[in-house]
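So the structure is just underneath, and the comments pick up after that.
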Amino acid sequence: MVDGPVNDAPYRLIEEVTFGENVVVFSFTNLYGCEIGDNTRIGPFVEIQRGARIGANCKIQSHAFICSGVEIEDEVFVGHGVVFVNDKYPRVDGDWEQLPIAVERGASLGSGAVILGGVRIGPRALVGAGAVVVRDVGSGETVVGNPARPLEG
Amino acid sequence: MVDGPVNDAPYRLIEEVTFGENVVVFSFTNLYGCEIGDNTRIGPFVEIQRGARIGANCKIQSHAFICSGVEIEDEVFVGHGVVFVNDKYPRVDGDWEQLPIAVERGASLGSGAVILGGVRIGPRALVGAGAVVVRDVGSGETVVGNPARPLEG
Amino acid sequence: MVDGPVNDAPYRLIEEVTFGENVVVFSFTNLYGCEIGDNTRIGPFVEIQRGARIGANCKIQSHAFICSGVEIEDEVFVGHGVVFVNDKYPRVDGDWEQLPIAVERGASLGSGAVILGGVRIGPRALVGAGAVVVRDVGSGETVVGNPARPLEG
């Protein structure tokens, strides 16, 4: 564990983040209370919330939002504007249950994808750009669409 | 009405905004000419345009974009990356008509949803994550998909 | 060619950008190595990557992401949160081929649209809000949905 990202960049907010070695964090980022593994790169306009864990050698692209409850293993690609959801019935009032999300080793989440709470995305799975993932994705499987379904053919 | 948000945060732009009491506004926000009600929270990377009105006790999550013509009542949840649209045929040239959007009390808009101009979202309605809302949503109704349709079952 | 945008704004990063005359660039932007034509307006929370080319009289709305390989002609509207993709199989490891994207004169891309690599969007075409464009769009054609299909009727 090291004290911070390996690069310097203006306009970024980093609070109580546990960094691996050689992490690069771009400008306009809001990271707090999360863990980020070795050699991972975090693009601009990204928020990563408290309790999220990101493995080594990942790419988290611009405009992604990674919430509490998300665990991302090593070598995962999170495309631009990918959004994770951790509540099934979001309401401003009352209680809610935080749903976990797991993204396993080597998976890739295409840009603009939305990943709902409670799902597991298997190793080397591929989520198509703009897909809305509402159930588990198997190892090496490719899913596309809204709701996301296995690619035919 | 008070002079500004109750919290302090770096990197935010606030111009000609009418604030209720106890509003919290996070960093990396661009708010101008809008109204924000009591106890509402505005996340990072949010833009709210001139003329938009947001009620009390709302949560506006990160990366949301709320345009002119949007009226949001009290206790509404606007998820991460939700985008409102106020023009039917966007073009760089020529005239366009601004279409109003109403989001009624207690509604929740899931993360990544897109809300088209001219629609009304009824009280306590639930818009699923990633849904593209092209017509009105009734009171307490749940809609999902692209285009958004009532949830079966 | 001129030295920079015609306006001033806090919190923006501009590096090695070729500007036409009278370009307006808002706050919270990250622009590098790209070309931007006369009178074009770039909204907040926008990233435009190295090698992207944007014509004259365009509007690039907030939260848009424009990647390397994208060529946008004159008078194009790029809605809020539009994301371009330039790799077919994104992975953190190994090689990848950059796919070009062309958006021709006068086209409009609705907010929240996702545009996949390798497609051409014809002149004055209209991409609906939230559409996921996976193949070419003809001149003047309107497409909607995920995947985007020509609008019936």
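Protein chains in written order, with the numbering used here: chain E, 317 to 469; chain D, 317 to 469; chain Z, 317 to 469.
Every residue gets a Cβ at the ideal spot worked out from N, C-alpha and C, and that includes glycine.
Residue i and residue j closer than 8 Å at C-beta
| i | j | result |
| --- | --- | --- |
| residue 445/D | residue 362/E | no |
| residue 396/Z | residue 379/D | no |
| residue 425/Z | residue 443/Z | yes |
| residue 332/E | residue 349/E | yes |
| residue 450/Z | residue 463/Z | yes |
| residue 322/E | residue 340/E | yes |
| residue 427/Z | residue 430/D | yes |
| residue 344/E | residue 344/D | yes |
Assigned exposure category for residue i - 16 Cβ within 10 Å defines buried
| i | result |
| --- | --- |
| residue 399/Z | buried |
| residue 326/E | exposed |
| residue 455/D | exposed |
| residue 409/D | exposed |
| residue 481/D | Any property of residue 481/D remains undetermined from this structure, which presents chain D solely from 317 to 469. |
| residue 334/Z | exposed |
| residue 324/D | exposed |
| residue 403/Z | buried |
Alpha carbon of residue i to alpha carbon of residue j, nearest angstrom
| i | j | result |
| --- | --- | --- |
| residue 320/E | residue 466/D | 47 Å |
| residue 368/E | residue 383/E | 6 Å |
| residue 438/Z | residue 354/Z | 21 Å |
| residue 377/E | residue 461/D | 25 Å |
| residue 328/E | residue 364/D | 21 Å |
| residue 440/E | residue 366/E | 26 Å |
| residue 415/D | residue 356/Z | 24 Å |
| residue 435/Z | residue 375/E | 24 Å |
| residue 330/D | residue 381/D | 15 Å |
| residue 385/Z | residue 405/Z | 16 Å |
| residue 346/Z | residue 433/Z | 21 Å |
| residue 457/E | residue 412/Z | 19 Å |
| residue 351/E | residue 351/Z | 37 Å |
| residue 392/D | residue 392/Z | 34 Å |
| residue 468/Z | residue 459/D | 22 Å |
| residue 407/D | residue 373/Z | 11 Å |
Whole-number beta carbon distance between residue j and residue i, since they are thought to touch under 8 Å
| i | j | result |
| --- | --- | --- |
| residue 390/Z | residue 359/Z | Contact doesn't hold; Cβ gap of about 18 Å is too wide. |
| residue 387/Z | residue 418/Z | 5 Å |
Check: residue i C-beta below 7 Å from any heavy atom of the ligand HEM
| i | result |
| --- | --- |
| residue 342/E | In the structure shown, the ligand HEM is absent, as is every other ligand, since no ligand is present at all. |
Could you pull out every unbroken beta strand (DSSP E) segment of at least 3 residues lying fully inside the stretch 408-459 of chain Z, listed in chain order? Runs found: 417-419.
message = Please give the ranges of any beta strand (DSSP E) in the stretch 338-414 of chain Z, keeping only runs that are unbroken, at least 3 residues long and fully inside the region.
response = Unbroken beta strand (DSSP E) stretches of 3 residues or longer found wholly inside the stretch 338-414 of chain Z: 345-348 and 386-388, given in chain order.
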